[in-house]
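The structure appears below as structure tokens.
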Amino acid sequence: MRKHKLYANLKKCIFGASEIPVLGCLVGKNGVRPDPGKVRVINEWPTPSNVKELRQFLGLATYLCKYVSNYAGKIRPLSQLLKKDAAWVWTADCQQAFDAVKQGLTEVPILAVADQDRPFHVVCDASDFAIGCALMQHDHEGRDRVVYYQSRQLKPAERNYPVHDKELLAMKYALAKFRVYLLGSRPFVVYTDHASLRTAIKSPHISQRMARWLSFFAEYNFQVEYKPGRLNVVADALSCRPDYAVHKADANAIGVARTSTPSSSLSDDVRSAYTKDADAKQLLDYFAAPSDKSRQKLAKHLRARVHNGLLLYSAVDVNADRIVVPDDHELKFRVTYEYHDPRRRDIRVVRRHTCFSRVTSIGVTSTSGYVSTFVLARYASA
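Residue 1 in UniProt numbering sits at position 1 of the sequence shown, and the numbers go up by one each step.
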């Protein structure tokens, strides 16, 4: 070291240790594991009470995510709270995800240290809601060791991909994440449970999306081999955890579960105003006595029903019920201001949760003087 003018600071040196701290990790002869100090901080982290505290927790947890299998799946309920305009509601699923992350970091496996003299292999898989992959190597005893875990949720547009393209996306994601290990190295193998990927890259019949990805795949020296899902355990677990799947709502429960209800005082005023609105009153009378022949002239295609004294209207283009607001000018403004933040200049929340009983044009003036004028569809009767 002295010959090459390299000098060590004895205060920073560690001698005779079985493992040493490096960049927040402990590196030893058996592999790499997270610093217990960082893990202890996460285990003692209090339940977040707002978005800022949640971001702080996930920031530290994400730093150690390479040690946790299916990390993206575990934090799915938490990541939903970070979306723009998402309401802060800490549900049982959020608490379960929060506890799962802390437990996962407590029981982390020891990852192998990458050995550039040994060949790598990659396992990857895709599900309807996530993709996952792992970089692996055989050690000197022939055991399969994990070097790195990676996974993420699919974006809304990616969930619409056909299965073939989702599996290709998982493979592309794996190569991009493990690029520093795989690019320019000796040939390696990518294992997938989608048999058609073995010839996808060389096929003359490819999709436009695949054509865009060809130049990326061409940078790597690899071959694709098929491994059935029952044998592709690691990648399958990363992408297919069922309790974090995107569940479809029960069609019979949509009205109650997804209808956003205004404040209690406003709800009472809406119910009272129904008596002064001819259309609303006629509908309420119909639902009170649907067998009355004189009232059966009301068309059933209105898709209306009553819940807790509120008229609900099921729109064709929205998978949720809307609260019918009577033809009361002052009440319409109150509903508009309760649901609509003028600073956002966005009426989608109003339109999603309410339906006015007449064609109405309303101007909403924001604090900056901006005026947004919009028209809500009429709730018509036959």
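Yeah, the Cβ is synthetic: ideal placement off N, Cα and C, and Gly gets one too.
Quick caveat: nothing in here was measured; it's all calculated off a predicted structure.
When burial is assigned at 16 or more other CB atoms within 10 Å of the CB, is residue i buried or exposed?
i: ASN160; result: exposed
i: PRO77; result: buried
i: SER145; result: Just to set this straight, residue 145 is Arg in the shown sequence, not Ser. ARG145 should be labelled buried.
i: LYS83; result: exposed
i: ARG186; result: exposed
i: MET1; result: exposed
i: ASP328; result: buried
i: ARG55; result: exposed
i: TYR7; result: exposed
i: ASP85; result: exposed
i: ASP125; result: buried
i: THR47; result: exposed
i: THR336; result: buried
With DSSP run on the structure shown, which of helix, strand or coil describes residue i?
i: VAL163; result: helix
i: ARG305; result: strand
i: GLN223; result: strand
i: THR360; result: Its pLDDT being 41, under 50, THR360 is placed unreliably in this model, and the value from its coordinates should be taken loosely. Strand at THR360.
i: ALA97; result: helix
i: MET136; result: strand
i: GLN150; result: strand
i: PHE15; result: coil
i: PHE178; result: coil
i: ARG343; result: Residue placement at ARG343 is flagged as unreliable, the pLDDT there being 44, under the threshold of 50; the coordinate-derived value follows with that caveat. Reduced to three states, the DSSP call for ARG343 is helix.
i: ARG118; result: coil
i: ARG143; result: coil
i: VAL318; result: Any reading at VAL318 must be qualified, since the residue scores a pLDDT of 49, below 50, and its modelled position is unreliable; the value itself is stated next. The answer is coil: DSSP assigns VAL318 none of H, G, I, E or B.
i: PHE129; result: coil
i: ARG55; result: helix
i: TYR7; result: coil
i: ARG2; result: coil
i: THR192; result: strand
Out of the options, which one is the CA nearest neighbour of residue i?
i: ALA200; options: ILE14, VAL163, ALA97, LEU23; result: VAL163
i: VAL324; options: TYR313, PHE333, THR47; result: TYR313
i: GLN153; options: ASP128, GLY142, ALA176; result: ASP128
i: TYR220; options: MET210, PHE57, HIS121, GLY184; result: GLY184
i: residue 385; options: TRP90, LYS74, HIS121; result: Outside the modelled stretch of the chain, which goes from 1 to 382, sits residue 385, for which no answer is possible.
Using a Cβ-Cβ cut-off of 7 angstroms (strictly less than) and excluding sequence neighbours within five positions of residue i, which residues of its own chain qualify?
i: ILE14; result: ILE20
i: ALA112; result: GLY31, GLN137, ASP139, ARG145, VAL146, VAL147
i: SER196; result: HIS164
i: ASP115; result: GLN137
i: PRO228; result: ASP193
i: TRP88; result: ASN50, VAL51, LEU81
i: HIS205; result: none
i: ALA72; result: ALA130, SER151, ARG152, GLN153
For residue i, collect the residues of the same chain with a Cβ closer than 6 angstroms to its Cβ; drop the 5 residues on either side in sequence, then sort them by chain order.
i: VAL306; result: PHE287
i: PRO326; result: ALA273, TYR274, ASP277, ALA280, SER357
i: ARG178; result: Residue identity check: residue 178 is Phe in the sequence provided, not Arg. Cβ neighbours of PHE178 beyond the five flanking positions: LEU135.
Residue i: beta carbon under 6 angstroms from a heavy atom of the ligand MG?
i: ASN30; result: This structure does not include the ligand MG; it has no bound ligands of any sort.
Sorted by chain position, which residues of the same chain lie with C-beta nearer than 8 angstroms to residue i's C-beta, five sequence neighbours on each side aside?
i: ASP35; result: PRO21, GLY24, CYS25, LEU26
i: VAL334; result: A small correction: the amino acid at residue 334 is Arg; Val does not occupy that position in the sequence shown. For ARG334, where only same-chain residues beyond five positions count, the Cβ hits under 8 angstroms are LEU266, ASP269.
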